[in-house]
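Written out below as C-alpha cells is the structure these notes cover.
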Amino acid sequence: MRKLIYGILIAFILPSAAECQSKKDILRKAQNIQASEQYYWGIGTASTYEEADNHALGDLQSKLHVRVSSHTNVQISQAQQGQSVSSQGLSSTTIETSTGGVLTNTENVILAEGPEWRVMRFIERSKVDETFRQRVMRVKEYLHDGINSEKSGRIDNALRQYYWAYCLLRSLPEPEKPTTEINFKEVSLLRWIPEHLDHIFANLKIEAGTMEDSTLNLVAKYEDKNVTSLDFSYAFEESQPKRTVSFKDGIAQIVMPKDGNASKFQVSYEYKYEDRSKFQDCDALCNMITQFKDSWPNSSCDVAMGTKKEQKNVQKLFQQNVALVSEATHAVARVDDAACDRTVKAVLDAIRNRNYNSARDYFTTEGFDMFRQLISYGNARLMGTPNLHYYEGADGRTICRSIPMNFTFKNNHISFAEEVTLTMNPDGKIETLAFCIDNDTREAIFNSRAQWSDSVRMAIVTFLENYKTAYALKRLEFIRSIFDDYAIIVTGTVTMSAQRQDDSPLKLKQNVKYTKYNKEQYMERLEQQFKKNQFINLRFTDVGVKKVSNDDDFALRIKQDYFSSSYADTGYLFLMVDMNDTSRPLIKLRTWQPHRDPDINAHLPEKNAFYGLLYEGNFE
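Position in the sequence shown counted from 1, then plus 1, gives you the working numbering.
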C-alpha cells in the first residue's frame with residue numbers, strides 16, 4: 002500500500018516524460034515563430050495568466066501599430082481639404098481600430114507558468130493581410146451597392162453605402178491605395194467617395210407643399226428627379242426630440258407645430274445609420290463611424306415654407322407623384338368596376354374620418370383583421386388624393402394598386418410613407434391588403450427581357466408585396482402558409498448546393514458551416530422577433546428574377562433592408578419559389594447572408610454580380 006501511495010504522489014508531483022517533451026516542443030515552436038518573418042508576435046509576463054495574456058496581446062498590437070502607422074504620412078486631408086471630417090494622417094484611435102479587428106484571429110502559447118506567467122500571442126502575417134484584403138472587398142461592395150442605389154433614386158441607401166465605404170476605407174493601413182473603375186475611369190476611392198458625397202448633398206432638394214390637417218406635404222428630388230427613397234430628421238425646436246421621416250417615390254409628410262406658424266425648418270439627411278452598422282459583422286466599420294462625430298458638411302439644410310403660390314406649385318408636384326404611384330404602368334388588364342370603386346372610396350372615407358368600423362361590411366373577415374392591423378401599425382393617414390385604377394387579378398379577383406399612406410410611430414419618433422394595394426374577391430369584398438414594392442423595383446421586374454407573361458410578372462410582384470406586408474403586420478400564419486413543409490432555411494455565411502430527386506423535397510448536397518432551420522424552427526424564431534418589435538419594415542432593392550427549371554420554380558435575388566423598432570440590418574436574400582399555382586406560391590429555399598463572402602463562388606471575378614453571393618447557379 003505504501004508503494005502504491007508513493008507511486009501516486011510521484012505521478013502528481015513529477016511531470017511525465019511526455020509532458021517534458023511537450024514543453025520543449027512549445028518552446029521550440031515559440032523560438033521558430035520569433036525567428037520567422039511569417040508571423041507577428043508579442044510576449045507578456047505577469048503574476049496571473051490573464052494579465053500575462055493581455056500584456057502579450059498589447060505587445061503584439063504595438064507591433065501591428067508600427068506597420069499601420071508607417072503609412073500615416075498619407076495626408077488624408079488632401080482628399081477633402083477644408084472639411085471638418087478631414088484629418089492629418091491616421092489618428093492613434095484609427096490605428097487601434099485598424100488593428101483591433103485583426104487581433105480576434107490570434108493564437109497563444111504558455112511559455113512559463115506561475116508564480117510568474119509568460120505568454121506569447123502570435124498571428125500569421127498572411128492572416129493580417131487577408132483581413133485587410135477582405136476590408137477592401139467590403140469597401141468595394143458598399144461602393145458598388147451605392148452606385149446602383151443612386152441610379153435608381155434610392156438616395157438613402159446610396160448615402161449609407163458610400164459613407165460606410167469611406168469609413169471602412171479609413172481603417173486600412175494604406176487607404177490611398179484602393180482604386181476602382183467608375184464611368185470608364187480609374188479613380189482613387191479616398192478622393193472620389195467624399196467628393197461624391199458632397200455632390201449628392203448639393204443636389205438634393207426638399208420643397209414644401211400645402212397643409213392637410215396638421216401635416217405638411219413634401220416633395221424630394223435628386224438632380225431634378227423624384228427620389229425613390231430618402232431618410233431625414235427634423236425638429237421645430239431644439240428642445241424637441243428629432244423625428245425621422247422617410248420619403249418614398251418622391252413624397253412624404255411631416256407633422257407641423259400646433260400654431261402652424263413656422264416659416265422654415267431644418268432637415269438633416271440621414272447618412273451614418275450608426276445603429277445599423279452595429280449589425281454589419283465588422284467591428285472596424287462601427288468603430289470608425291463612432292469616431293467621426295462631426296456631421297458631414299452640407300448634410301443639413303433649411304426648407305422654406307415659401308409663398309402661397311410656391312406652395313401650390315409644389316402641391317401640384319406632390320399630387321402628380323401620388324397619381325404616378327397609383328398608376329400600374331404594367332398590369333394584366335385594367336377594368337372598370339363601379340362596385341369596386343364604391344367599395345374603395347368608402348374605405349378611404351373611413352380612414353380620413355377615422356371611423357374604421359364603418360368600413361367593416363366592405364371586407365371579408367380576414368380582410369378586416371388585416372385592415373385593423375394596418376391602421377394600428379402606425380397612425381395611418383392618406384397622402385393626397387389617389388387616382389384609383391383597377392386591374393384583373395387571379396381567379397376573378399380585382400386589384401386596386403398603390404394608395405399612398407403615411408405611418409407615424411409616436412414611441413419611436415419615426416414615420417414613413419408606404420403605398421397600399423387592395424385585392425377584392427369575386428364577390429367584391431376586400432380580402433387582402435399589401436404594402437407595395439417601389440416603382441423602380443416593379444419596373445425592373447416588368448421590363449425584364451425574360452419571356453414570361455404579364456400575369457406571371459404580376460404574380461411575382463404580388464408575392465413580394467405580400468411577403469413584405471406579412472412581416473410588417475406580423476402575419477405569422479400567412480408566412481407559415483407560403484413556406485413549403487420541407488423548406489430549407491439558411492442564415493449566415495453559406496457555401497453549399499442543393500439537389501432534387503424525383504418528387505423528393507430539396508436537399509443539401511454538402512454540409513459546411515451555416516445556420517440551418519426547418520420550417521417550424523424558423524417560425525418559432527420569427528414569432529419571438531414579432532413579439533419584441535413595435536414595427537417591422539422591409540425594403541427590397543436590386544431584385545433579380547430567373548426561372549430555374551422546366552417546372553415553375555423561380556429564383557429571386559434581393560438586396561433587403563430590414564428595419565424594426567429594436568434591430569436593423571442589410572443583407573442579401575435568396576428565395577427559390579414554386580410558382581406553379583400563382584395564387585399560392587411556395588418558398589422551397591430561403592437563404593440570407595449579411596454581405597458577400599469570398600468563399601462563395603470564389604471562381605468568379607470580384608466584379609461579377611454573383612461573386613460572394615448565393616444564386617441559382619449554386620443549386621441544381
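In this text, a Cβ means the ideal position worked out from N, Cα and C, and glycines have one as well.
With 16 other Cβ atoms within 10 Å as the buried cut-off, status of residue i
i, result
"Phe372", "buried"
"Pro195", "buried"
"Gly59", "exposed"
"Lys226", "exposed"
"Glu1", "This structure leaves residue 1 out entirely; the chain is present only between 2 and 621."
"Ile183", "exposed"
"Asp153", "Note on residue identity: the sequence assigns Ser, not Asp, to residue 153. Ser153 should be labelled buried."
"Phe555", "buried"
"Ile77", "For Ile77, the predicted model reports a pLDDT of 40, less than 50, meaning its position is unreliable; a value from the coordinates is still stated below. Buried: at least 16 other Cβ atoms inside 10 Å."
"Pro258", "exposed"
"Glu38", "exposed"
"Asp552", "exposed"
"Tyr616", "buried"
"Glu239", "exposed"
"Gly115", "exposed"
"Glu444", "exposed"
"Asn106", "exposed"
"Pro599", "exposed"
"Pro606", "exposed"
"Glu1", "This structure leaves residue 1 out entirely; the chain is present only between 2 and 621."
"Ser278", "buried"
"Gln62", "buried"
"Phe564", "buried"
Residues of its chain near residue i, where Cβ-Cβ distance is below 6 Å and the 5 sequence neighbours each way are ignored
i, result
"Asn380", "Thr409"
"Trp593", "Thr492, Gly572 and Leu574"
"Ala159", "Gly147, Ser150 and Glu151"
"Ser327", "Pro387, Asn388 and Ser403"
Spatial neighbours of residue i in its chain, beta-carbon cut-off 8 Å, leaving aside the 5 residues before and after
i, result
"Gly368", "Lys430, Ile431, Glu432, Thr433 and Leu434"
"Pro1", "The question about residue 1 has no answer here: the residues shown for the chain are numbered 2 through 621."
"Asn609", "Asn602"
"Glu466", "Thr422, Ala435, Phe436, Cys437 and Ile438"
"Gly618", "Asn602 and Phe611"
"Ser127", "Gln39"
"Gln241", "none"
Cβ shell of residue i (< 7 Å), same chain only, five flanking positions each side left out
i, result
"Ile376", "Tyr357"
"Ala324", "Asn388"
"Arg155", "Thr229, Ser230 and Thr542"
For residue j and residue i, believed in contact at Cβ under 8 Å, the rounded distance
i, j, result
"Asn602", "Leu590", "Asn602 to Leu590, Cβ: 17 Å. No contact."
"Asp486", "Lys520", "6 Å"
"Glu420", "Cys437", "4 Å"
"Asn407", "Met425", "Between Met425 and Asn407 the Cβ distance is about 24 Å, and since that is not below 8 Å, they are no contact."
"Leu198", "Pro176", "16 Å between Cβ atoms; not a contact."
"His414", "Lys243", "7 Å"
"Tyr363", "Thr344", "5 Å"
Pair within 8 Å by beta-carbon distance, residue i and residue j
i, j, result
"Asn538", "Ala473", "yes"
"Arg382", "Thr216", "yes"
"Gly210", "Asn322", "no"
"Ser234", "Thr245", "yes"
"Leu318", "Val220", "yes"
"Ala166", "Val188", "no"
"Ala654", "Gly45", "The requested residue 654 is not part of the displayed model; the chain covers only 2 to 621."
"Val110", "Ile27", "yes"
"Arg161", "Tyr274", "yes"
"Arg597", "Glu142", "yes"
"Phe266", "Val315", "no"
"Ile490", "Tyr468", "no"
"Ser300", "Phe417", "no"
"Met577", "Ala460", "no"
"Arg481", "Met289", "no"
"Phe133", "Pro174", "yes"
"Phe237", "Ala253", "no"
"Arg136", "Ala340", "no"
"Phe536", "Tyr392", "no"
Contact with chain B by residue i, beta-carbon distance below 8 Å
i, result
"Lys533", "Absent here is chain B; the protein component of the structure consists of one chain."
Residue i Cβ short of 7 Å to the ligand COA heavy atom set
i, result
"Ser454", "Looking at this structure, you won't find the ligand COA or any other ligand, since it has none at all."
Any beta strand (DSSP E) of 3 or more consecutive residues that is wholly inside the stretch 400-436 = Unbroken beta strand (DSSP E) runs of no fewer than 3 residues, entirely contained in the stretch 400-436, are found at 415-425 and 431-436, following chain order.
request  = Could you name each continuous alpha helix (DSSP H) segment of 4 residues or more that falls completely within the stretch 328-399, going from the start of the chain to the end?
outcome  = 339-354 and 366-378
ask   = What beta strand (DSSP E) runs, 3 residues minimum, are completely inside the stretch 28-66?
value = 40-47
key: Completely contained beta strand (DSSP E) runs for the stretch 530-596, where each covers 3 or more residues   = 537-548, 554-565, 569-579 and 587-594
request  = May I have a chain-ordered list of the alpha helix (DSSP H) segments no shorter than 4 residues that lie completely inside the stretch 266-303?
outcome  = 275-278 and 284-292
message = As an exercise, report each continuous beta strand (DSSP E) stretch of at least 3 residues that is fully enclosed by the stretch 179-213, in chain order.
response = 180-183, 186-189 and 205-213
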